[in-house]
Amino acid sequence: MKIAVIGLGFVGLTLSSVLASKGITTVGIDLDKEKCSKIAKGTPTFFELDLKKTLKKALKKNLLITDKLSSINNCDFIFITVGTPQKKNGEIDLSFIKTVVRSVGKIILKNKKKPIVLIKSTVTPGTMKNVILPILEKNSKKKAGKDFGLISNPEFLQESKAIQDTIKPHVVVLGGYKTKFMKKTEKFFSRFNPNVPIIITNHQTAEMIKYANNSFLTTKISFINQIANICQAIPNTNIDDIAAAIGLDPRIGNMFLNAGPGYGGSCLSKDMNALINFSDNVGINPTLLNAVEKINQEQIQNIISLMEKTLGNLMNKQITILGTAFKPNTDDVRDSVSIALIKKLMKKKVKIVVYDPKAIKNTKNIFGEKIVYAKSVTDALDKSHCAIIMVYWKQFDSLNNNSIKYMNKKFIIDCRRVLAKKVLDAEYHAIGLGQKI
Ligand SMILES: NC(=O)c1ccc[n+]([C@@H]2O[C@H](COP(=O)([O-])OP(=O)(O)OC[C@H]3O[C@@H](n4cnc5c(N)ncnc54)[C@H](O)[C@@H]3O)[C@@H](O)[C@H]2O)c1
């Protein structure tokens, strides 16, 4: 068996590394030559737990990395994992996927084998039927379901747990017609991901499952953030105790109840905007989804308002941002809340100093020399008027009175309640904690 993975980003590189490390002959394809050459040498282009190790194992076994799309020839399965970013109006941008599918179609035209094309990229409902299938059939001059398989296979991996999630996802969703191709795909996944439930449905439902999944997660986050904000107005309340208690109710579950500065990352915001835009276009007013997004936007504004309440005009004040990645254990800053906060603060002419154990390089790619990059937490706090803990990196646990002693004003906003149990000689505010009295 031979498998191709097109698009070596977070999803594609993880998938191709895991496939090949399990001994399956795999070809990973990306149009970015520089990216391909780094990966081929065993260097992932982003930080992800265990990825380097898995990639090295894969390269020793059966992984070929190339920028030549023609390498999909004679593959049994072709996974498409290119990006589906959002346009300025929130709508999904399908340009990458359209380009790939056009080229894949032209290659299938000359292919004697009957490959199965699986779309892992997140696409809005109807995209397979109305966009991908017609492009593939036109360019291959062949029929889906007869001459090649076409299956929606949305991805649910979480960055920072990508390898683990690829080996054992919570579910495998396969959308498409019940053909011999579907049977072959089901058999493949039952071996690749043993004991994982497989849901077989049609294309549109598979596409919608991904959006339902992500919008439910964002709803949980905005819910707990709203409760956290209410808690801040009730002396001595503690959002973590509340989350722990309600999380024990099996109808609620304990995940995604961690109050903070709002959700970010490459998927949640983009998928929410795509779903809101899609709902509007099909004549459904997405009241709840709009509220979830509004609460999320307001979380950043709440942080700024708190700073202004204590510091007055923020112009020329030095503000320290601890954590710029969109979550711990990743260097990904795409749509990170910290990045959005920095952009807002820059408009107020604030002097910004940032520290992140992994994401400084990616942060520099956005802000260049416009902000200051500290080498340690203590350096970052030096002469600062306010420190904001945005991301829970384990090393922030060790912050204490000694670390903050050179702050210009000892003022801390702790979005992750890392320091909640410490006695600090500082004005301390935490999301979701009522003031101690
Ligand atoms: N990142 C995640 O955690 C995650 C989780 C679930 C689903 N998804 C979805 O999976 C898809 C991929 O996400 P990602 O984060 O891996 O994206 P990414 O932007 O990190 O990677 C996409 C890759 O595709 C490559 N590419 C673009 N056009 C190409 C072409 N014509 N031929 C070959 N390669 C091409 C790019 O160079 C890039 O390396 C998106 O639809 C995303 O919404 C992502």
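Residue 0 is where the sequence shown starts when you use numbering that gives the first Met the number 0, and the numbers rise one by one after that.
All C-beta atoms in this analysis are idealised placements derived from N, C-alpha and C, irrespective of residue type, glycine included.
No experiment lies behind these values; they were computed from the predicted model shown.
- By the Cβ neighbour-count rule, N361 is buried, with 16 or more other Cβ atoms within 10 Å of its own.
- With 16 or more neighbouring CB atoms inside 10 Å of its own CB, Y210 falls in the buried class.
- Here N192 really is in contact with P168; their C-beta atoms are around 6 Å apart, less than 8 Å.
- DSSP places E206 within a helical segment (H, G or I) once states are collapsed to three.
- Per DSSP, reduced to three states, the secondary structure at Q434 is coil, with no helix or strand assignment.
- Comparing C-alpha distances from F222 to each of E136, E297 and T329 shows the shortest one belongs to E297.
- In the three-state scheme derived from DSSP, where H, G and I count as helix and E and B as strand, D240 is classed as helix.
- Counting along the chain, L313 sits inside no beta strand (DSSP E), nor does DSSP assign it H or E at all.
- In terms of side-chain proximity, the C-beta atom of K34 is found nearer than 7 Å to a non-hydrogen atom of ligand 1.
- When secondary structure is reduced to three states using DSSP, K350 falls in the strand class.
- When DSSP reads this structure, E426 sits in a beta bridge with F410.
- Ligand 1 never approaches E47 closely enough for any of its heavy atoms to be under 7 Å from the residue's Cβ.
- In the DSSP assignment, L149 falls within the unbroken beta strand (DSSP E) covering G148 to S151.
- A386 and S375 have their C-alpha atoms roughly 13 Å apart.
- Looking at the DSSP output, I245 bridges to nothing.
- In the DSSP assignment, L62 falls within the unbroken beta strand (DSSP E) covering L62 to T65.
- By the criterion of a C-beta distance shorter than 8 Å, T165 is surrounded in its chain by T13, L14, V17 and L156, once the five residues flanking it on both sides are discounted.
- With a contact defined as Cβ atoms closer than 8 Å, S214 and M254 miss out at about 15 Å.
- Going by beta carbons, T53 and S20 fall inside the 8 Å limit.
- Counting only the Cα atoms, A143 lies some 42 Å from N364.
- In the same chain as I403, and ignoring 5 residues on each side of it, the C-beta atoms closer than 8 Å to its own belong to L380, A386, K409, I411, L423, D424 and A425, in chain order.
- Inclusion of Y262 and N295 in the CB contact set at 8 Å is warranted, their separation being smaller than that value.
- Positions of the alpha helix (DSSP H) runs, each at least 4 residues long and wholly inside the region 8 to 32, are given as 9 to 20 in order along the chain.
- Straight-line measurement puts the Cα of Q317 at about 13 Å from the Cα of G311.
- One thing to note: I96 has its Cβ within 8 Å of the Cβ of S120.
- Secondary structure of I370 (DSSP, three-state): coil.
- Cβ-Cβ distances below 8 Å link S159 to E47, L48, K326, P327, N328 and T329 in the same chain, with the five nearest sequence neighbours on each side left out; the list follows chain order.
- Between C414 and the set L216, V336 and F366, the nearest pair of CA atoms involves V336.
- By the neighbour-count definition (other C-beta atoms within 10 Å, threshold 16), K1 is a buried residue.
- An exposed status is given to R250, since fewer than 16 other beta-carbon atoms sit within 10 Å of its beta-carbon.
- The bridge partners DSSP lists for Q85 are I91.
- With contact defined as three or more Cβ pairs closer than 8 Å, the region 173 to 185 and the region 98 to 117 are in contact.
- Between T83 and D92, the beta carbon gap of about 7 Å places them in contact (Cβ cut-off 8 Å).
- Here DSSP, grouped into helix, strand and coil, assigns V417 to coil.
- In terms of side-chain proximity, the C-beta atom of G261 is found no nearer than 7 Å to any non-hydrogen atom of ligand 1.
- L321 and L340 have their alpha carbons spaced roughly 12 Å apart.
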